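**Student:**
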Amino acid sequence: MRPIVHLERPLRGTGGPGAAGLYLCPVDLAHASARPDPSDRLLGGGPSRFSRVEVVVRMRERIVAFTGPLDELRDWAGLEGFGHQFDTAVLGLTRRRQPLFGRSWDRPLVMGVVNASPDSFYDGSPRRTVKAAISRAHALIAAGADMLDVGGESTRPGAGRVGWAEEIDRVVPVIEASVGFGVPISIDTSKVPVMCAAFAAGASVINDVTALTGDPESLGFASKAGAPVVLMHMLGKPRTMQDNPSYDCVPLDVADYLASRLAACERAGIPGASILVDPGIGFGKTVDHNAALLARIGILHSLGAPVLLGASRKSLIARMSRGEEPEHRLGGSLALALGAVEQGVQVLRVHDVAETCQALAVRQAVLDAG
14 MRPIVHLERP LRGTGGPGAA GLYLCPVDLA HASARPDPSD RLLGGGPSRF
64 SRVEVVVRMR ERIVAFTGPL DELRDWAGLE GFGHQFDTAV LGLTRRRQPL
114 FGRSWDRPLV MGVVNASPDS FYDGSPRRTV KAAISRAHAL IAAGADMLDV
164 GGESTRPGAG RVGWAEEIDR VVPVIEASVG FGVPISIDTS KVPVMCAAFA
214 AGASVINDVT ALTGDPESLG FASKAGAPVV LMHMLGKPRT MQDNPSYDCV
264 PLDVADYLAS RLAACERAGI PGASILVDPG IGFGKTVDHN AALLARIGIL
314 HSLGAPVLLG ASRKSLIARM SRGEEPEHRL GGSLALALGA VEQGVQVLRV
364 HDVAETCQAL AVRQAVLDAG
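This is the structure in structure tokens:
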């Protein structure tokens with residue numbers, strides 16, 4: 014993987030045939046309660062403001078980055094032949110995100126994970142029953158989840174496939190028992206028969222780890238359903254995705270892939286305002302890949318869609334720490350969640366709803382007091 018070389022000042026002569034692309038990442042985000050600066054822009058119409066960006070330029074021979082005031086770097090971009098790319102990225106950063114089920118983006122939303130699979134990497138058990146999954150769903154709602162994500166097939170590294178009929182048997186009873194509490198339910202699947210059954214039971218969001226590429230009918234179903242969709246990046250398939258994954262530059266490659274999937278969805282009639290993007294932490298990525306992606310997750314805001322992070326309890330926490338088992342990764346999960354929120358991430362997909370809500374509430378109280 015090529016490194017991003019950070020420069021002290023904008024580089025001249027970056028345009029031309031050797032330049033493959035320009036990317037923007039907002040930096041030094043300020044909360045809306047802080048004293049505003051006339052040059053500030055609102056990130057996605059939400060509570061975070063920025064006036065400085067990191068520009069990343071991918072060239073054939075190297076990848077460079079530099080940071081500065083947005084208006085000054087716009088002038089640089091125009092002189093270097095990047096004016097259109099720069100303005101398109103700024104539009105993506107500042108475009109107001111549409112409310113999700115009436116929930117505005119004035120704070121991060123918390124998506125609670127409900128695993129209805131017996132082989133999930135965390136809280137999966139061979140003795141897991143439908144009753145236990147329903148109890149967990151109700152507990153997450155009581156803990157403050159803004160939405161639930163129900164899945165019946167594990168997508169952990171090395172996981173095998175589950176037939177759609179078995180997946181339906183796992184998820185539909187959980188959805189049916191949880192739809193009456195005012196919390197939207199997402200179905201975590203890449204199979205259209207499962208999507209159909211889940212929506213008939215009351216689900217209203219599609220969360221697809223294949224970004225609607227796993228089933229040839231998924232784009233059509235999502236378009237007809239008119240429901241919000243989460244597009245995730247994954248390199249390969251769960252069974253083989255950790256077999257020596259390789260990237261040119263992971264934050265840029267992930268952004269390019271998600272941009273292509275957003276375009277495909279819009280061509281299929283899925284409005285961009287109903288799409289969320291997920292960088293797919295741990296899906297075909299080494300620890301170094303994950304760390305590089307988390308460090309510049311803000312690049313994804315330029316796509317113009319809310320950003321969802323699912324890093325809760327994942328193995329990268331153990332590899333960054335002391336090899337802890339999933340049940341001992343709460344601290345790392347909260348660290349990653351708060352770090353992502355500092356970069357403006359709008360949705361956190363977590364196992365520990367109560368603890369995440371508490372962490373967000375404390376953070377908010379401190380910001381409001383400043």
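Every letter in the sequence shown is one number past the one before it in our numbering, and letter 120, counting from 1, is 133.
Cβ coordinates follow ideal geometry from the N, Cα and C atoms, glycine included.
Values in this document were obtained by computation on a predicted structure and should not be read as measured data.
(1) Could you please give me the residues that DSSP links to Arg-54 through a beta bridge?
(2) May I ask you to report which of helix, strand or coil DSSP gives Cys-262?
(3) Since His-246 is in the alpha helix (DSSP H), which residue starts that stretch and which ends it?
(4) What does Val-80 pair with, by DSSP beta-bridge criteria?
(5) Going by DSSP in three states, Met-208 sits in which element: helix, strand or coil?
(6) On the criterion of 16 or more Cβ atoms from any shown chain inside 10 Å, does Leu-122 qualify as buried, or is it exposed?
(7) Grab me the residues of Ala-78's own chain with a C-beta within less than 6 Å of its C-beta, minus the 5 sequence neighbours each way, in chain order.
(8) Which residue wins for smallest C-alpha separation from Gly-227, given the options Ala-238, Ala-214, Met-208?
(9) My parser needs the beta strand (DSSP E) runs of 3 or more residues fully inside the region 253-319; what are they?
(10) I believe Gly-164 touches Val-175 by the beta-carbon criterion, under 8 Å. Please report the beta-carbon distance rounded to the nearest angstrom.
(11) Since Ser-199 and Leu-161 are thought to touch, with beta carbons under 8 Å apart, how far apart are those beta carbons, to the nearest angstrom?
(12) Give the straight-line distance between the Cα atoms of Gly-352 and Ser-325, rounded to the nearest whole angstrom.
(13) Starting from Gly-164 and walking both ways along the alpha helix (DSSP H), at which residues does that stretch end?
(14) Just to confirm before moving on: does the CB-CB distance between Met-247 and Phe-194 stay below 8 Å?
(15) I think Val-192 touches Gly-173, with their Cβ atoms under 8 Å apart; what is that distance to the nearest whole Å?
(16) Pro-292: buried (16+ other C-beta within 10 angstroms of its C-beta) or exposed?
(17) Given a threshold of 16 other Cβ atoms within 10 Å of its Cβ, counted over all protein chains shown, does Phe-114 qualify as buried or as exposed?
(18) With a threshold of 6 Å on Cβ separation, who are the neighbours of Glu-85 within its own chain once the five nearest residues in sequence on each side are excluded?
(19) Taking all protein chains shown into account, do 16 or more other C-beta atoms lie within 10 angstroms of the C-beta of His-97, making it buried, or fewer, making it exposed?
(20) Quick check on the DSSP output: the beta strand (DSSP E) that includes His-19 runs from which residue to which?
(21) Give the C-beta separation of Val-363 and Val-126 to the nearest angstrom, bearing in mind that I take them to be a contact with Cβ-Cβ under 8 Å.
(22) Looking at the structure shown, is Cys-239 part of a helix, part of a strand, or coil, going by DSSP?
(23) How far does the alpha helix (DSSP H) with Ser-346 in it extend, from its first residue to its last?
(24) Please determine, among Pro-51, Tyr-36, Cys-38, Leu-55, the residue with the shortest C-alpha to C-alpha distance to Ala-45.
(25) Give the secondary structure of Ser-362 by DSSP, where H, G and I count as helix, E and B as strand, and everything else as coil.
(26) Just the C-alpha distance for Val-143 and Ala-102, rounded to the nearest angstrom, thanks.
(27) Can you tell me whether Asp-100 is buried or exposed? The criterion is at least 16 other CB atoms within 10 Å of its CB, across all chains shown.
(28) From Ile-294, Arg-22, Ala-378, Pro-23, pick the residue whose C-alpha is nearest to that of Arg-169; which is it?
(29) If you drop the 5 nearest sequence neighbours on each side, which residues of the same chain put their C-beta closer than 7 Å to that of Thr-87?
(30) Sorted by chain position, which residues of the same chain lie with C-beta nearer than 7 Å to Met-254's C-beta, five sequence neighbours on each side aside?
(31) Are three or more beta carbon pairs between the region 221-240 and the region 268-278 nearer than 8 Å?
(32) Which residues bound the beta strand (DSSP E) around Val-126?
(33) Pop quiz: Val-267 and Leu-321 are said to be a contact at Cβ under 8 Å. What is the actual Cβ separation, rounded to whole angstroms?
**Tutor:** Straight from the coordinates:
(1) Taking the first residue of the sequence shown as 1, we reach residue 54 at position 41. Paired residues: Phe-63.
(2) Here the question's residue 262 lines up with position 249 in the sequence shown. In the structure shown, Cys-262 sits in coil (DSSP, three-state: anything other than H, G, I, E or B).
(3) Here residue 246 refers to the residue found at position 233 when the sequence shown is read from its first residue. Premise fails: His-246 is in no alpha helix (DSSP H) and is neither H nor E.
(4) One-based indexing of the sequence shown puts residue 80 at position 67. Per the sequence shown, the amino acid found at residue 80 is Thr instead of Val. The partner list for Thr-80 (beta bridge, DSSP) reads Glu-67.
(5) Here residue 208 refers to the residue found at position 195 when the sequence shown is read from its first residue. Correct three-state label for Met-208: helix.
(6) Mapped onto the sequence shown, residue 122 falls at position 109. Answer is buried; the Cβ neighbour count reaches 16.
(7) As a first step, residue 78 must be located in the sequence shown, where it is residue number 65. The residues are Ile-17, His-19, Glu-67, Val-69.
(8) In the sequence shown, residue 227 corresponds to position 214, counting from 1. Considering only alpha carbons, the answer is Met-208.
(9) 288-291
(10) As a working note, residue 164 is residue 151 in the sequence shown. As a working note, residue 175 is residue 162 in the sequence shown. That belief does not hold up - the Cβ atoms of Gly-164 and Val-175 are roughly 10 Å apart, past 8 Å.
(11) Mapped onto the sequence shown, residue 199 falls at position 186. Mapped onto the sequence shown, residue 161 falls at position 148. Indeed they touch by this definition, with Cβ atoms about 7 Å apart.
(12) Here residue 352 corresponds to residue number 339 of the sequence shown, with the count starting at 1. Here residue 325 corresponds to residue number 312 of the sequence shown, with the count starting at 1. Using only the alpha carbons, I get a separation of about 13 Å.
(13) For this step, residue 164 is matched to residue 151 along the sequence shown. Unbroken run through Gly-164 is the beta strand (DSSP E), 160-164; no alpha helix (DSSP H).
(14) Looking up residue 247 in the sequence shown gives position 234. Looking up residue 194 in the sequence shown gives position 181. It is not a contact, given that the beta carbons lie outside the stated cut-off.
(15) Residue 192 sits at position 179 when you count from the first residue of the sequence shown. Residue 173 sits at position 160 when you count from the first residue of the sequence shown. With a Cβ gap of about 29 Å, Val-192 and Gly-173 do not count as contacting.
(16) Position 279 of the sequence shown, counted from the start, is the residue given in the question as residue 292. Buried, because 16 or more other Cβ atoms sit within 10 Å of the Cβ of Pro-292.
(17) The sequence position of residue 114 within the sequence shown is 101, counting from 1. Phe-114 should be labelled exposed.
(18) Here the question's residue 85 lines up with position 72 in the sequence shown. Excluding positions up to five away in sequence, the list is empty.
(19) Taking the sequence shown and counting its residues from 1, one reaches residue 97 at position 84. His-97 should be labelled exposed.
(20) Residue 19 sits at position 6 when you count from the first residue of the sequence shown. His-19 -> beta strand (DSSP E) spans 17-19.
(21) Along the sequence shown, read from residue 1 onward, the residue named residue 363 stands at position 350. Along the sequence shown, read from residue 1 onward, the residue named residue 126 stands at position 113. Correct: roughly 7 Å between the Cβ atoms.
(22) Here residue 239 corresponds to residue number 226 of the sequence shown, with the count starting at 1. The sequence given here has Gly at residue 239, not Cys. Here Gly-239 sits in coil by DSSP.
(23) Translated into positions along the sequence shown, residue 346 becomes position 333. Looking at the DSSP string, the run of the alpha helix (DSSP H) that includes Ser-346 is 343-355.
(24) Here the question's residue 45 lines up with position 32 in the sequence shown. Cα-wise, what sits closest to Ala-45 is Leu-55.
(25) Your numbering for residue 362 matches position 349 in the sequence shown. Contrary to the premise, residue 362 reads as Arg rather than Ser in this sequence. Arg-362 sits in a strand when the DSSP states are folded into three classes.
(26) Here the question's residue 143 lines up with position 130 in the sequence shown. Here the question's residue 102 lines up with position 89 in the sequence shown. C-alpha separation (whole angstroms): 45 Å.
(27) As a first step, residue 100 is located in the sequence shown; it is residue number 87 there, counting from the start. Under this definition Asp-100 is an exposed residue.
(28) Sequence index remark: in the sequence shown, residue 169 carries index 156 (1-based). Comparing Cα-Cα distances from Arg-169 to each of Ile-294, Arg-22, Ala-378, Pro-23, the minimum goes to Ile-294.
(29) Numbered from 1 along the sequence shown, position 74 holds the residue referred to as residue 87. Reading off the sequence, residue 87 comes out as Arg, not Thr. Within the same chain, Arg-87 has close Cβ partners Phe-99.
(30) Position 241 of the sequence shown, counted from the first residue, corresponds to residue 254. Take Met-254, set aside five residues on each side of it, and the residues of its chain with a beta-carbon closer than 7 Å to its own are Pro-170, Met-247, Leu-248, Phe-296, Gly-297, in chain order.
(31) When C-beta atoms of the region 221-240 are compared with those of the region 268-278, three or more pairs fall below 8 Å, so the two segments count as touching.
(32) For the purposes of this step, residue 126 is identified with residue 113 of the sequence shown, where counting begins at 1. Boundaries of the beta strand (DSSP E) harbouring Val-126: 122-128, taken from the DSSP string.
(33) Here residue 267 is taken as the residue at index 254 of the sequence shown, counted from 1. Here residue 321 is taken as the residue at index 308 of the sequence shown, counted from 1. Not confirmed; about 13 Å, so no contact.
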